[in-house]
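Numbering-wise (our numbering), the sequence shown opens with residue 1355 and increments by one.
We treat Cβ as the ideally placed atom computed from N, Cα and C, and that holds for glycine.
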Amino acid sequence: MDVAVWEALRRRPSRFLLSLWPLRVWAFLLSGTVLGALLLLVLAVLLCAGIGLSMLGVGLVVLAGVAVIGIPVAALERRRLRLVEPVPIADPHGSLPGTGVLPWLRCRLKERATWRELAYALLYAVVFTAVGLGFTALLGLAVMLLVSPVVVWAIAPDTIMLVPGQAISEPAGALPGTLVGLVGLVLAAYVGALLAGVQVRAAQFLLGAREPELNSRVIELTRSRARLVDAFEAERRRIERDLHDGAQQQLVALSMTLGLAELELRGQDSPAGPLVARARGEARQALEQLRNLVRGIHPQVLTDHGLAAAVAELSLRNPIPVTVDIELPRRLPAPVENMAYFTVTEALANASKHSGADGVVVHGRLEGAQFVLVVSDDGRGGADPSAGSGLQGLADRVAILKGRLIVKSPVGGPTRLRVEVPCSA
1355 MDVAVWEALR RRPSRFLLSL WPLRVWAFLL SGTVLGALLL LVLAVLLCAG IGLSMLGVGL
1415 VVLAGVAVIG IPVAALERRR LRLVEPVPIA DPHGSLPGTG VLPWLRCRLK ERATWRELAY
1475 ALLYAVVFTA VGLGFTALLG LAVMLLVSPV VVWAIAPDTI MLVPGQAISE PAGALPGTLV
1535 GLVGLVLAAY VGALLAGVQV RAAQFLLGAR EPELNSRVIE LTRSRARLVD AFEAERRRIE
1595 RDLHDGAQQQ LVALSMTLGL AELELRGQDS PAGPLVARAR GEARQALEQL RNLVRGIHPQ
1655 VLTDHGLAAA VAELSLRNPI PVTVDIELPR RLPAPVENMA YFTVTEALAN ASKHSGADGV
1715 VVHGRLEGAQ FVLVVSDDGR GGADPSAGSG LQGLADRVAI LKGRLIVKSP VGGPTRLRVE
1775 VPCSA
């Protein structure tokens, strides 16, 4: 990984002095020296307290605090490094299994990143702080020599000792000191850039995430995504079951009761007869809407007979003629079937509402271990994901299964939607 301050120094050493880089480097090193001195003091106090109280058991808690002190130090350093390194260092820590101090402590102490951050904190407090003090002395001396004529003028006619054995009482006599101070500032700019680059390198090595840790986090994210899909599917089935066994059955019973009441009132001159007939019709309409809702959540034909039969049934209800060409040698995994069905549903809805198409073709094949679904229409095209057409939702569904969605919809048409998803997802 490149170091930005070194790159700036290597490419144009002369322009480096006239840029903001020296000021950024000095701010980085000087602030690091102050923070490093405070960190060294805190570490010394905690270590002495932990060792001194170890006989009482409390010292173990203090020593545990020393073990994780690198975590806040590293978090602060990742922010402070932005002064000299525009590319941020990724946080190597994984997600926490729970809330509370003890779960947090157990999780962090098991991570290698915690111990690397502790090593960086020790290196920072001892080595970088000592180097920073030396650099601060160099920069301070250069600044004092640079402004020495002003100092001499301010205290005249008294004399000052810029060098041993030589007393200067006039500002002109301090001009050589100004020249030396200017050289010292140039030296401080270049030396500071080298020291800042070394510290950036150390931070990248100790504070960044390693390849196995990144792979582990990717695996955990994949598992988390799979758990979310399973939880969504379980919740969908629960809602479908509650609607089918609860509200739908109650509406059926209500419709039957109203039918019996209508039979009892038939032939009687009662104003309640038309009201009962009207209520029965509304109950029948509500029941039909509920059945359509349940079918839209998850059609039973998809569970019983698979994707091809479910899409064929869906095409019969579509106002635009649909040609279904889905040939599969076997049933697809349930998540893939669900994704494909709702992709076709959304594509047909978009074609009916927005495209003005005369026909739609749905083509599906299993190519190796990958299912490929293509939905095309001869409409006016111009599909825009940001216009509320549902394409972003389709892309999210496909991404959950590690697939991809390709939409080609030039203005004037046609529109072609292609989904590729691995069946092992």
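Would you kindly report the start and end of the unbroken beta strand (DSSP E) that includes residue i?
| i | result |
| --- | --- |
| Glu1774 | Thr1769 to Pro1776 |
Heavy atom of the ligand GDP less than 6 Å from the Cβ of residue i, yes or no?
| i | result |
| --- | --- |
| Arg1632 | Ligands in the displayed structure: none, and consequently the ligand GDP is not present. |
From what residue to what residue does the alpha helix (DSSP H) around residue i run?
| i | result |
| --- | --- |
| Leu1720 | Element bounds for Leu1720: not the alpha helix (DSSP H) but the beta strand (DSSP E), Val1714 to Glu1721. |
| Leu1617 | Gln1602 to Leu1619 |
| Leu1397 | Trp1375 to Gly1406 |
| Asp1445 | No alpha helix (DSSP H) holds Asp1445; DSSP gives it neither H nor E. |
| Gln1746 | Leu1745 to Ile1754 |
| Asp1658 | Gln1654 to His1659 |
| Phe1489 | Thr1483 to Leu1500 |
| Ile1425 | Gly1424 to Arg1434 |
| Tyr1474 | Arg1466 to Leu1477 |
| Pro1457 | Val1455 to Leu1463 |
| Val1412 | Val1412 to Ala1421 |
Which partner residues does residue i have in the DSSP bridge list?
| i | result |
| --- | --- |
| Ile1680 | Gly1718 |
| Gln1553 | For Gln1553, which the question treats as bridged, DSSP gives no partner whatsoever. |
| Gln1724 | Glu1721 and Pro1776 |
Determine whether the beta carbon atoms of residue i and residue j lie at a separation below 7 Å.
| i | j | result |
| --- | --- | --- |
| Gln1724 | Pro1776 | yes |
| Leu1682 | Leu1720 | yes |
| Leu1437 | Ala1381 | yes |
| Ala1753 | Ala1563 | no |
| Ala1626 | Leu1619 | yes |
| Gly1390 | Tyr1478 | yes |
| Thr1697 | Gly1735 | no |
| Arg1470 | Leu1384 | no |
| Leu1493 | Ala1542 | yes |
Could you name the residues of the same chain whose beta carbon sits closer than 6 Å to that of residue i, not counting the 5 residues immediately before and after it, in chain order?
| i | result |
| --- | --- |
| Ala1662 | Ile1680 |
| Ala1781 | With the chain represented from 1355 up to 1779, any question about residue 1781 goes unanswered, as that position is not in the structure. |
| Pro1673 | Ser1706 |
| Gln1602 | Leu1644 |
| Arg1369 | none |
May I ask you to report which of helix, strand or coil DSSP gives residue i?
| i | result |
| --- | --- |
| Asp1356 | coil |
| Val1729 | strand |
| Lys1762 | strand |
| Ile1674 | coil |
| Ala1737 | coil |
| Ser1783 | An answer regarding residue 1783 cannot be provided, because it is not within the stretch 1355 to 1779 covered by the chain. |
| Gln1622 | coil |
| Leu1686 | coil |
| Pro1503 | helix |
| Arg1634 | helix |
| Arg1369 | helix |
| Met1515 | Bear in mind that the predicted position of Met1515 carries a pLDDT of just 49, short of 50, making it unreliable; the figure below should be weighed with that in mind. Three-state result, Met1515: strand. |
| Val1534 | helix |
| Val1665 | helix |
| Val1545 | helix |
| Val1480 | helix |
| Val1438 | coil |
| Ala1563 | coil |
Whose C-beta lies closer than 7 Å to the C-beta of residue i among residues of the same chain, with five residues either side of it excluded?
| i | result |
| --- | --- |
| Leu1495 | Gly1538 |
| Ala1664 | Pro1653, Val1655, Leu1656 and Tyr1695 |
| Glu1431 | Ala1557 and Leu1561 |
| Gly1424 | Thr1468, Glu1471, Leu1472, Tyr1474 and Ala1475 |
Below 8 Å CB to CB, which residues in the same chain sit around residue i once its five sequence neighbours on both sides are set aside?
| i | result |
| --- | --- |
| Gly1713 | Ile1674, Pro1675, Val1676, Thr1677, Asp1731 and Asp1732 |
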